[in-house]
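Here this note's numbering is used: position 8 in the sequence shown is 90, and no number is missing along the way.
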Amino acid sequence: MSTYGDTWSEWYDRIHVRDDDLAFWTEEARVSGGPVLELGCGTGRVAIPMAQTGIQVVGLDNSRELLSIARRKARSLRLSRDQIQFTYGDMRRFSLKRQFPLVCIPFNSFLLLLSVAEQFQALLAIRKHLIPSGRLIIDIFVPDLDRLVSDPSVETSNGELLESDTDHQLILREQSFCDNFNQIITARNMIEERDPKGNLEQAVLKEYQLRYIHRFEMQHLLAAAGYNVLDVYGSYERHTLDEEDPRMLWVATPN
Numbered sequence: 083m084s085t086y087g088d089t090w091s092e093w094y095d096r097i098h099v100r101d102d103d104l105a106f107w108t109e110e111a112r113v114s115g116g117p118v119l120e121l122g123c124g125t126g127r128v129a130i131p132m133a134q135t136g137i138q139v140v141g142l143d144n145s146r147e148l149l150s151i152a153r154r155k156a157r158s159l160r161l162s163r164d165q166i167q168f169t170y171g172d173m174r175r176f177s178l179k180r181q182f183p184l185v186c187i188p189f190n191s192f193l194l195l196l197s198v199a200e201q202f203q204a205l206l207a208i209r210k211h212l213i214p215s216g217r218l219i220i221d222i223f224v225p226d227l228d229r230l231v232s233d234p235s236v237e238t239s240n241g242e243l244l245e246s247d248t249d250h251q252l253i254l255r256e257q258s259f260c261d262n263f264n265q266i267i268t269a270r271n272m273i274e275e276r277d278p279k280g281n282l283e284q285a286v287l288k289e290y291q292l293r294y295i296h297r298f299e300m301q302h303l304l305a306a307a308g309y310n311v312l313d314v315y316g317s318y319e320r321h322t323l324d325e326e327d328p329r330m331l332w333v334a335t336p337n
């Protein structure tokens with residue numbers, strides 16, 4: 083299993099600033115009635131807004147540093163342990179000795195599992211934590227076939243400006259290498275902090291891997307692990323997946 087890692091923790095929230103999926107997840111949490119289990123919760127980007135709706139949330143992650151940040155954020159918002167709990171664990175093999183009406187894996191965290199065996203192992207562990215009528219929702223990207231076929235070896239970003247003020251600039255540079263035979267993308271992210279004159283003050287490099295999954299591969303994997311697929315959305319607005327969509331949101335229940 084790949085991981086975003088501990089040395090990256092202090093930069094995590096400054097990079098992962100997206101919020102376009104939060105309305106989707108908070109509504110799914112509300113409909114479930116709770117409690118909700120989020121796997122790969124990181125610093126609580128999704129778990130904390132779900133808890134703020136009044137639903138009890140448990141977040142699990144394999145980075146103690148990210149969990150420490152999540153707990154600190156929850157305390158600053160005066161969320162109690164009755165409202166939200168963060169626990170250290172591995173989504174491939176965890177046992178919380180309780181069940182949930184909703185288990186969710188937002189924004190590509192499932193792809194950190196780098197083999198079919200790891201993915202299958204995680205799905206079996208999740209099934210044990212779902213009530214009979216419970217739902218599992220997994221959000222992953224749709225593989226970009228044009229990119230994979232045209233240039234599978236490397237893709238480079240010249241730099242995305244994340245922050246800029248009178249004191250500093252924060253720039254993200256990205257490279258990704260695609261191993262199409264094993265369906266593995268190796269991503270290298272470089273964070274540069276520069277002074278107002280553009281001089282480099284510090285740089286941090288992070289490398290991680292994702293294993294991309296195709297549509298019918300995911301459908302077969304869920305079926306083999308004992309799930310019925312209820313819906314496959316192509317967006318956070320819940321329209322049915324079509325060939326133009328960049329994301330797949332799988333909604334499944336134990337059979």
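Virtual Cβ for every residue (Gly too), placed ideally from N, Cα, C.
Everything numeric in this text was worked out from a predicted model, so none of it was measured.
Meets three-Cβ-pair contact criterion under 8 Å: the region 202 to 216 and the region 162 to 182: yes
Assigned secondary structure, SER177 (DSSP; H/G/I helix, E/B strand, else coil): coil
Close Cβ partners of ILE266 (< 6 Å) along its chain, the five nearest in sequence each way excluded: GLN291, ARG293
Whole-number beta carbon distance between PRO214 and PRO336, since they are thought to touch under 8 Å: 6 Å
At least three beta-carbon pairs within less than 8 Å, the region 111 to 126 to the region 136 to 154: yes
Span separating the alpha-carbon of ASP172 from that of ASP143: 7 Å
Under 8 Å between C-beta atoms of GLY316 and ARG297: no
Per-residue DSSP class, three states only, for LYS288: strand
Expected contact under 8 Å - CB spacing of ASP28 and PHE189 to nearest Å: No information on residue 28 is available, as it lies outside the stretch 83 to 337 that the chain covers here.
Same chain, Cβ closer than 6 Å to GLN284, neighbours up to 5 away in sequence not counted: GLU275
Whole runs of the alpha helix (DSSP H) within the region 87 to 160, excluding any shorter than 4 residues: 94 to 97, 104 to 114, 129 to 134, 146 to 158
ASN310 - partner residues in DSSP beta bridges: THR335
Straight-line Cα distance separating ILE97 from ILE253: 10 Å
First and last residue of the uninterrupted alpha helix (DSSP H) at VAL224: Run containing VAL224: none; DSSP gives neither H nor E here.
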